[in-house]
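Following: one structure in structure tokens, then a few remarks.
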Amino acid sequence: MSAAFDSLNRFYASSIGKKILVALTGLMLIGFVFGHMVGNLLIFAGPDAINDYGHLLQTALHGGGVWIARAGLLAAVVIHVVATISLTKANKAARPDAYAQHKAQVSSKASQTMIWSGLTLLAFIVYHLLHFTVRVGNDFGSAAYVYKTDEHGHTVHNVYKMVIDGFSWAPASIFYLIAMALLCSHLSHGFSSLFQTLGISTDKSEPLFKKAGYAFAGLIFAGNAAIVLSIWLFGYGR
Ligand code: HEM
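Residues in the sequence shown are numbered from 299 upward in steps of one, following the working numbering.
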């Protein structure tokens with residue numbers, strides 16, 4: 299037991315161990331962001347589709363499924379952020395200034411801003427959870443709770459109306475669009491970088507992984523921004 303703990307400790311203490319953890323948790327978060335976007339796009343299939351989907355997620359494994367997913371996501375985010383901050387600190391401490399400047403010149407804008415786009419995304423996630431999960435200011439839990447609806451004889455959470463109302467407010471829509479642009483920048487670099495860390499991309503295939511990273515980031519931006527813009531600017535669902 300203590301031998302296993304010791305080797306885990308040594309793995310985390312090494313810089314390659316931390317990089318692998320950042321890559322694996324990044325992969326998990328990429329999977330989540332893609333799945334979440336596909337689920338969100340159900341809004342274009344109408345109220346029943348997205349409300350049924352929300353209800354399915356909430357009731358999977360007798361309500362336990364959503365908590366398992368939340369615990370996994372929280373662990374992935376914490377490990378991803380803590381290991382990245384520790385790697386950034388170690389890199390700064392180890393690099394003489396001239397080398398750091400040279401590296402900054404040759405690395406892309408997205409890679410230089412990884413730590414900042416990442417930390418801003420964290421602030422977005424907190425805002426997003428307060429907005430749609432805790433539903434601060436959304437009348438949730440009060441007698442006047444408006445985001446409920448009847449479907450197939452059940453009372454379910456009205457995700458459709460909550461999202462339409464949420465993006466009918468310009469400041470929220472603008473903040474989401476800024477966060478999606480940052481997410482896009484973060485993903486465009488993170489995607490190819492993780493395959494490099496895991497030793498999957500080679501010198502030859504690296505340009506292909508880079509292109510795939512840009513395509514994936516563009517897809518996530520386009521899918522999520524389409525929801526915000528069609529509600530905010532084009533009045534979808536109102
Ligand atoms: C326009 C884009 C987005 C829309 C419309 C949207 C919509 C939603 C909704 C409606 C919920 C609450 C579901 C419910 O319980 O009723 C939710 C939860 C959540 N969203 Fe998003 N989301 C968007 C983008 C994102 C992005 C980019 C991320 C991550 C970077 C994200 C991360 C989360 C997380 C972590 C939860 C909490 C899941 C839970 O524990 O219940 N979302 N989102």
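Built from N, CA and C at the ideal position, the CB exists for glycine as well.
Here residue 451 is exposed. Its C-beta has fewer than 16 other C-beta atoms within 10 Å. Between residue 429 and residue 468, the CB-CB gap reaches or exceeds 8 angstroms. The shortest CA-to-CA distance from residue 382 to any of 492, 510, 500 is the one to 492. In the three-state reduction of the DSSP assignment, residue 446 falls in the strand class, which pools E and B. Annotation for residue 453: the continuous beta strand (DSSP E) segment containing it runs 452-455. With respect to the 8 angstroms criterion, residue 483 and residue 411 are classified as neighbours on the basis of their beta carbons. Inclusion of residue 430 in the 7 angstroms shell around the ligand HEM follows from its C-beta lying nearer than that to a non-hydrogen atom of the ligand. The beta carbon of residue 321 sits closer than 6 angstroms to the beta carbons of 492, 495, 496 from its chain, once the five residues preceding and following it are set aside; these are given in chain order. With a cutoff of 7 angstroms, residue 366 does not count as near the ligand HEM, since its C-beta is closer than that to no heavy atom of the ligand. Remark: the shortest separation between the CB of residue 526 and any heavy atom of the ligand HEM falls under 7 angstroms. Taken through DSSP and simplified to helix, strand or coil, residue 531 comes out as coil.
Put simply, the region 350-358 touches the region 446-460. At least three CB pairs are less than 8 angstroms apart.
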